[in-house]
Structures are given as C-alpha cells and as structure tokens.
Amino acid sequence: MDVLADTLLHSKDTFYVVAESAYGYELVEQLLQQNEFAEKNVCEIIKQVINAVDYLHSYDIVHGDIRLENLFYQRRNSKFYVVLANFGLVQTMNVEELACKPIGPSFNYPAPEVFEQKAPDKPTDLWSTGIITHILLCGYAPFCSDNLPDLLRYYKASRLWNRSEHREDISPHGLDFVFRLFEFDPERRLTSRQVKDESWLSGNSATNNDLHPKLEVYLDNRLACDVGLWNEIANHEEDFTEFDLIKLSLRDNSSGKSALRVPGRLGEDSRVLSSSSKSFSEVSKDTQCWGLSSLILSDDVKINRPPDLLGHHESKNLGRGNQPLATIVHPAPGSIAEALTYENADDLAIFLTERFSESAHGEYAWIAELKDIGYTHTEIAELLYERVHDSPWIYFEPSYFPSMRTLQNHHLDDCAHQLLNPSSSGKLTLLEDQDRNVLLAIEELCGLGGICPFTRDKTIWNGSAEFEEENSAVFLRHRLSPSELDAAHPDTAPLLLRVADRFLSAVRIVQDAKFCCDSFTILKIYGTSKVKLSQIKFQLAEQMLVCLDKLCVPATALQKYQIRLRLRRLSQEIIDFATEQILDPGRDNVCHMASLALQVLCVGFLSYAQAHIGMLKPIFVDTPLKRIRLLGTASSSSPLNCIEANLVDLTCLGGLCQGPVLAFEHGWRISHHRLEKFDVLARPDDILDTWGPGELIFRQNETSPLGIKIGGGYISHPPTIPHDKYHWDRFLSMPNWSSSPESLKFGREILIGGLVTCNNRCSNDEKLCWTGSLRDFEELGTYRGYLESTEYQLGFQSGVDHFNITGTKVWAKRRGRTIKDKNLERDDDMLVPFLDFYWGVRVSFCTGVAQRVLLRQLVAGLLPAFSQSMIGSGFSDLWTDLETNHGFTQVLRNDAVSIRHWMGSLPEELCRLGLRLVRLILGTLQDTGLSPDGTNFLVAWPHDGMVNRCFRIPLGKDNKWTPMLADSDDCATFAYMSNMCLEAGAITCRGPNPKWEDKIRLLETAVLCPASTEALQHEQTYFFYKLTNNLFWVKCTRESFSRTGETRLYTVVTV
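Each residue of the sequence shown is one higher than the one before, counting from 1 in UniProt numbering.
Okay, structure coming up:
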C-alpha cells in the first residue's frame, strides 16, 4: 500500500503534516476475538512484520519502537493486514545533536545496546521483533521483572525468564527462531534479510495448539507491570548509576521531539524524529520532513519515497479547500447511522465494539442475533457496510476467459432441431443446475447487459446501472453515467466491442459444454394476449462483432458509412426479436441501436440459461431482478426508445414453468398487462429447446407427431377448443380420428393457450348488471335451520327359529344463522352499510301502530338516550363536537347522505366515537323482536340514560301477526318504543299520557323489489318462510279513500 501525507500546510515558521489515518484494532485484542489462534497464525503475523522491517531497512530507515502496542489489525479490500504504527516524523539534524530514543512506558522491548547509550539501529528492530514473537507464543516477555534494577541486571546478564510450562506446546523450530533473535551482540544478530529466509515462517513446522489462554494472561499482566516500572523510573532514577539513566531521558531540541539515528541514504547526519500518534505534527519549516502515520505489512508492501519539501513555499491542501485546520480532524461517530457514512468498515467495527448494545436497537436490532450465533464485531461491520455502500452489487474477483468465437451450424446429437431425423432418438440435452460452473461463466461474461461489478472503480465498467423499486428493477445503459450527453462517444464502439466479445465467449463455453446449438430463444410480448418464443442465431452477434471491430480502426468516410449501415441492419434484426415496435433513435445514432441489440442478447441469453423462468439472480447482485430496462446509450430513462424485460404469467404453460417468465417488450407498453395471462406462440422445436427434454406423441402406424410430452404434461389439440390452438395439460386428451387436426410441423408456429379466453370486446356495464340483480341477492353467511345426522344405532336379536336386525338413525335440529347474528359479528366499519336496510321497527306508545324504518333512522332516534348513558374521560366534549359541530343526528335522518363518505371525512377520534355509538345501540337492541320461546314480542324503550328496559308483549289475538318479524336468514328486527304518535285509519291518538295496552295493533311495512316493476296485487296471497321452518301466508286487499283518492294495502294474516 502507498503511505502518503494527505495534506501539507505551513505557516510562516511551521509545517503541518496531516498523515493518512489508519483505523483498526490492537493486534492482541483482535486475535482474542478470532475463533482460531495457534502457532501457525503467529508465523503469518511475524512474516508480515519481518517483510515490513526488511523493506524499511532496505531504505536505511529504523523504526526504533517496534512493540505489540504499535501493531494493529486493519481490513482492506476484504483482507486483514497487520499495521505498524507510530513512525513519527523523520528530520535531518546536525550530528552534534545526536541523542537516543526515550524509553517508553514498556521496558520489555528495547535491545541491550539501548541501555548502553547507543542509539537504536537495524538490529534493534530485530531484537524487538523477537520479543513480540516470544510474547505471542508464550504469553509473557522473556526479560521481565517487578522492579527496574532486576530488569536491567537480567539484560546485562543475558538472563531469560524460563517458564517451561509455557513452552511445552511450542515447536522446537519456533523456540529456535526466537532465541536466534536474542543475540546480545548487535553485530552478530540476524539481519532482516536473513530472518526472511527462516523456514519457521512458512508455518509448516508450527503446532496447532490453542494460544488464546496465553494472550489473556498477557493482557491481564502487562498494564500493571508497565505502570509500575514507569513509576519506578520517576521515583528512583538517580539510583541506577550503572547505566546512567539520566542520559537516556528526553533531550530538549527546537521541536520538542527526541531524535533517532538513521544511517545511510538520508545522509550521514540523518536522524529519525519520533512523535506520538496524533493526527497533527509540527516541525521547523527550515528542515526537510515527511510523514508516515502507518504501514500495511503485507507481502507486497510499498512505501513512497519522501518528497523534497525544501523548495515548497506554498501550502498544499489535497481537496479540502479553505477549511480551517481543525475541521480536518476525523470525529468519532455519534450513532451507527453516522458510522455507516464513513469510508471504510473499520470505523464501524470500532464503533460496534465500544457501543454495541446501543447500536442493536430499532432497524438494526437484528445484529444482536448475529452476535449471538458467533459473528464478531468486525464481521457484523463488514455485513452492514456492504449492505449500505455496496448493495445491491456483490463485488468479486474476475476470472480469466480467453476470447473465443462461436461454432456455426453447430448441433448437438439428438437436439430438438434435428428431432425428426431418422437417426434421432428423441433424447435432449439441457442446462441443469449441477452445471454451476457454466452458469457462473455465463453470468460473469454476459453480466447485466454486459455490465459486471468486477471492480469498485466504476469508470472502467462497460456502462452504468441504476436500481429502483427496492433494487428489484434496474436501468442499464452503455455509458458511464446519464450525464454524458454525447451518445456517440469516441469510446462507445470499443466498449460495445468488449461486450460483444464477452457475449460470444460465453456462448462458446456453453457450446463446448454441450448445452446449446447455434442459437437460443427469447420471449417477447406479441399483440395483446400472446408472447412469442423466437430463435436468435449466434451468427448475428458474430457479424456485429466484425462491424464493431472495423469501426475501431481508421477507415475512409465511405467505408465507415457502409459499416455503420450494416451494423444498423444487424441491430434492428436483433431488436425485432424483442419488440414489435420500430425503434427510431435517429439515422445517425447507430451506436444506440447496437447497444440495445447487445443488451437484448446478453439479458436474453442469461434468461435462456434458466429457461426464462422467474426473476434473474446473477451472482453479483443480492436482490432478484423482476424488471430490466435496456436504455442503450440513451442519457434519459424515457420509455420511447428503450426495451424492457418484465415477468409475465402464461396460461396453460404456466403449469409447465411453475411461475412467471421473463419477456421483452417496448418501453411504452409497461404496466398495460400486469394482471393478464398470455398464450404462447412458438415452434415445437423451440419449445423443446427452451423447456425440454420432451418426447413426441404419434398415432400407431403414423410418422407425423400429434403432440409433445414435456414438463410432466402434454401439448396436444383437445377437441373442445378451436383447431388453431393447442393446450398443455397434465392429462392427454387426443382428438377423435375423424376430427384429427394436422400433425405438428417443426418449423411452423403453433399457438398454445388455455381453454378459457377473455373477450375484451364485451361491453357489459357492471353497475347496471349489479343493479338489475338486486332482487336475486341474498345475505351472505346466513342459512336456515337444518337437521344433522348425529348418531347411528344397530342392533340384532336371534333365536332358535328367528333373527331380527334393528337400525336407528338420530337427527338433531340445528338452528340457522340470521342476518342479525351475521352482521353484528362484523367489525364496526362493516356496520355502516347495514344501516341502510329496513330492519328497524318503530312502535308508537300512543297508538300501538308500528312501522318499518331504516336502521339509520332507528340510531338517530335513540342517540340522545344512549349518549346520556356513556361516561368516560373526554366523552362529553367529543359528543358535543360530533353532534353540534358536525350534525351526526341530522346526517343519519337524511337518507340522501352517504354515511360512509360522511364518516370518512370526520377526524379519526370522532369517526371512532360515531361507530362506537352505532355498535352500542344495535348491540343493545339485538335481543328485541320475537323471544326465543316464541311466546312474546320484545320492544325496547331506552330513555334518559336507561337503555336496558323493554316491554314483553304476549302473542295474543291482536298480536298474532308478530311472528312474521322473527329473525331469519332474510329478516331482522330491532324493535324500539317511540313517543311519536302514529295513526292509521280508525286507530288514532289516545293522549294525553295514556297507559300501554300491551298490544301492537298494526304494522306498516314494505316489500322491496327495486329492480322490478312488480307490485302487490289485490286479493293475492303471498307466503313467508321463517327460520324455524314455519310458513306464513298473507292476503293483500286494496281499500280506497275517497277524500284523498289514494289507495292502501291492508293485510289479512293467517298463521
């Protein structure tokens, strides 16, 4: 990886170097999260460290502070690398200012020569690498003590801590590698180049013992040990005269940093300046400086050489404009959504590590389940990052495929195109799921219209793709972005040449695998109710490739014109297979038509590989595609000059395909046929090629086939449909010999469709038909009483001279289901249409006359009484608003107003209140009408908040007719008492304040026949059938009133 300074700024006397930020985990912490950590993993880590150290030493650069705390894990391009941090700044200084590196808080890593006042050199880095190796293998530092004097004596005496129990599971090669780095004479210590050649680094001799416990011990002990030693330095520094520790302390210099000697190529008087790992560092402007914040320690590591900054007097700001220096600092994310906006997954992984419980809520609650099943924070961060930044693309490393041409006039043995040849046995070859490698090659080479995400650098793709409808629809164009207005871009022809070349290479791979001949099929919408299965020869694509190749080389104007004319004709021929409409993008826009043709070929061949069934799901997208719009090189998404592939349902062949198929059409026709099913127009050989294998059906002693056995069914000509249509069915239905149609002709198209077709020319008016059928309607969900067989008994008796068998069958009478029961079971919203029926019975207390009323009138009359029975917080205010401001009662009384529309315009809480009152009133009155025992007629009288009082009227002589009002499958009764004085003929007012007579004298009712001119006839008898199987008949008589000239019908009832 290149390590660069992102921004270089300077003021009058100071340079500011903003180095590249490196995000990741501390090495030890990351190793503890991994499921596997053994000696072979240590080999991989140390190999990367040695590679980096060797590269630094090749440029005579000494790190000088290599320790575990400066090693990090970082993920780049789906791979994990070890990162070496804290390089600091390199500064050229005078030789008189020689000083050594200050001792940090950890004393486990410095080489012995450091304590002898020698500046760190190349062997120092190798010693520190050996310390790291020992810690990773054994879990502790080889030179360690609880106090500083002992530690220094151990160094001088070359005394290692020997804990044999920690070395038992380490290979001899591993221990030998470590001890060879612990050479106390720097001149004899191994160099980085020599260490690279050590066989142990290959991991072949490493053990597989788990090293996690040792790492945990190291983490538990290192902090306490380091802090204690640091405190000893501060308190007892003067006691250690043997090594003169005062001289090891930080010296003052102009920049406030300590210096390290760097031999060789940076100059004889070179120094390496050490600094902290902060984002900003300052150095004197009159010095030469360059910054390194981190280094990726991979096998192919690379560092840019430091630039010469002495001649630079202007500030260099890499793309940050005039922002203040402080705004360049990378802030910590405040939420998971903010962390997802950063440029890599490492920031997100760090955020999840620190604040996982806070993140696993709301729309990201599902990540808690991932953690429960063993996913690490890094793996979860990777999934989230790819979901947000990469979706729906799935990037992959491209495979190498040589450029190949197709085989012309190529046919497989016994293929569908040669099925009737004498040598044919009818055996077909098809592309099956197990041939996954071939399918992967098709998907990678064809892509989506030639577009494939083989790299994140989209500028080198073969075009662009825009996803919509939750990534299930894609718009494809052969240009880098819609903003490129010049469709005839100079790079268009080479781009299309690449697409054509990859398409033909995919075809050749399929041919070599013996999965197709010299053609393939696609489906297109044909007319209003058909799809056409057409065959496209690969030769057309070969000829397009030749024309595109010639367009990419210099030629005369006449030659270019002839080539473009030829290319236009070939493109139009291919486009005609995908749409009936003629596309005319302009005479000069040949590249657009060639682009559309190649997109049809690529998408069509990809669909052909899965028999055109279902959504496309190539390996490089994470969402199946159900709509694909091919835009060619057009900059806009207009449907006028584009082609679209959509999923459509087939009629009878839908049973063969077990799902929708992908068919092409012109862009402007989209959404016109979403609910339609299509017949298929195709040749028999194309059907077998696409959906085979299959077998031909013959009559005995005949050579011409009558049908095809395919997909678990049969394509034949049933005698019940017209002679020009075939049908696919699970069962074979052959026509009679006398009416036998012509045999199947390979090469001639046949129509395969359903037995039932839709006549789109029918002009029926649904509303008029519905209104005309009102008299024939019955209530849904109701039924009359019935008898149900519940028990069988069988007995027999026998004697010397007789044998008797007795059988008994028991029937139980089941009550029917009434209109009232059915409608009161519905939700509140479904009660609104019920209010427009004449199921209310209003009884006058004054006269005893009753009349049928609409339920909306009943509810309006009882609202005052029931509103007074309601209690609860806020009810009074809501009721006042509903009644006073919106006129609820008046709306119910006005039959011309639609209750549903009016209530739909109310605020939600008022609408709920209105429906609640309707439910309360009807629910209270559901027990009115004829009593269950048939002896009384119940009439409720809600008043002044008391809603559960009623009259029980015995069925005497005057009330003999009331059983006609019993609830049934076609009648409902909600009876209530009213103070309204209803008079009828001789029945007049009995007021004031009469007593109840316990009888209902008369009922005014109606027989509704709204769809008929039929009327009740004088002296005619009518019958009524009730729920309990009782039959009532009514005789109508007409009586005229001379004063008004009107006539009324009175009834004589017989029960």
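Glycine residues also receive a C-beta, built at the ideal position from the N, C-alpha and C atoms. Here the structure is a predicted model, which means the values were calculated and not measured.
Glu791 has Val810 as its beta-bridge partners, per DSSP. Here the alpha carbons of Leu201 and Leu136 stand approximately 14 angstroms from one another. Comparing alpha-carbon positions, the option among Gly64, Gln857, Lys725, Leu882 lying closest to Pro110 turns out to be Gly64. For Glu29, the three-state secondary structure derived from DSSP is helix.
Under the three-state reduction of DSSP, Lys550 is assigned to helix. Contact between Val947 and Thr924 holds, with the beta-carbon distance rounding to 5 angstroms and staying under 8 angstroms. About 6 angstroms separates the beta carbon of Leu630 from that of Gly449, a gap short enough to meet the 8 angstroms contact definition.
In this model, Pro719 and Ile819 are separated by some 47 angstroms (Cα to Cα). According to the DSSP assignment, Asp689 belongs to no beta strand (DSSP E) but to the alpha helix (DSSP H) extending over 684-691.
Less than 8 angstroms divides the Cβ of Leu540 from the Cβ of Glu573.
Each of Leu794, Met977, Cys950, Phe731 was checked against the Cα of Ser844, and the nearest Cα belongs to Met977.
Taken in chain order, the complete beta strand (DSSP E) segments of 3 or more residues contained in the region 166-209 number zero; there are none. Here Glu113 has Pro186 as same chain residues with Cβ atoms under 6 angstroms from its own Cβ, once five neighbours each way along the sequence are excluded. If you draw a straight line from the Cα of Asn979 to the Cα of Val849, it is about 11 angstroms long. A straight-line Cα-Cα distance of about 5 angstroms links Arg502 and Leu445. Contact annotation, Gln793 with Thr808: C-beta distance approximately 4 angstroms; criterion of less than 8 angstroms satisfied. Exposed is the label assigned to Glu36, since fewer than 16 other Cβ atoms lie within 10 Å of its Cβ. Residue pairing by DSSP places Ile708 opposite Leu696, Ile715 in a beta bridge.
Glu466 and Val474 have their C-alpha atoms spaced approximately 5 angstroms apart.
If only uninterrupted alpha helix (DSSP H) runs of at least 4 residues are considered, those enclosed by the region 505-551 are 538-551. The alpha carbon of Leu662 has as its nearest neighbour, out of Ser637, Tyr385, Pro624, the alpha carbon of Pro624. Between the region 402-410 and the region 502-515, the count of Cβ pairs shorter than 8 angstroms is three or higher; the stretches touch. If you check the CB distance, Leu533 and Val680 come in under 8 angstroms. Counting only residues of its own chain and dropping the five nearest sequence neighbours on each side, Pro494 has a CB closer than 6 angstroms to the CB of Cys552. For the set Gln890, Ser905, Arg852, Glu909, the Cα lying nearest the Cα of Ser876 is the one of Glu909. Per DSSP, reduced to three states, the secondary structure at His612 is coil, with no helix or strand assignment. Taken atom to atom, the span from the alpha-carbon of Cys517 to that of Asn437 is near 19 angstroms. By the 16-neighbour rule on beta-carbons within 10 angstroms, Val42 is buried. Bounds of the alpha helix (DSSP H) holding Glu338 are 336-339.
Within the region 334-408, the runs of alpha helix (DSSP H) that reach at least 4 residues and sit entirely inside it are, in chain order, 336-339, 345-359, 367-372, 377-385.
Annotation: Leu32 to Pro907 spans about 59 angstroms, alpha carbon to alpha carbon.
Counting along the chain, no alpha helix (DSSP H) covers Gln851; the unbroken beta strand (DSSP E) around it starts and ends at 849-853. Burial of Arg479 is indicated by the presence of at least 16 other C-beta atoms within 10 angstroms of its C-beta. Secondary-structure assignment with DSSP links Val648 through a beta bridge to Val661. By the CB criterion at 8 angstroms, Trp393 and Pro453 fall inside the cutoff.
Going by DSSP, Phe731 is part of no alpha helix (DSSP H) at all; its letter is neither H nor E.
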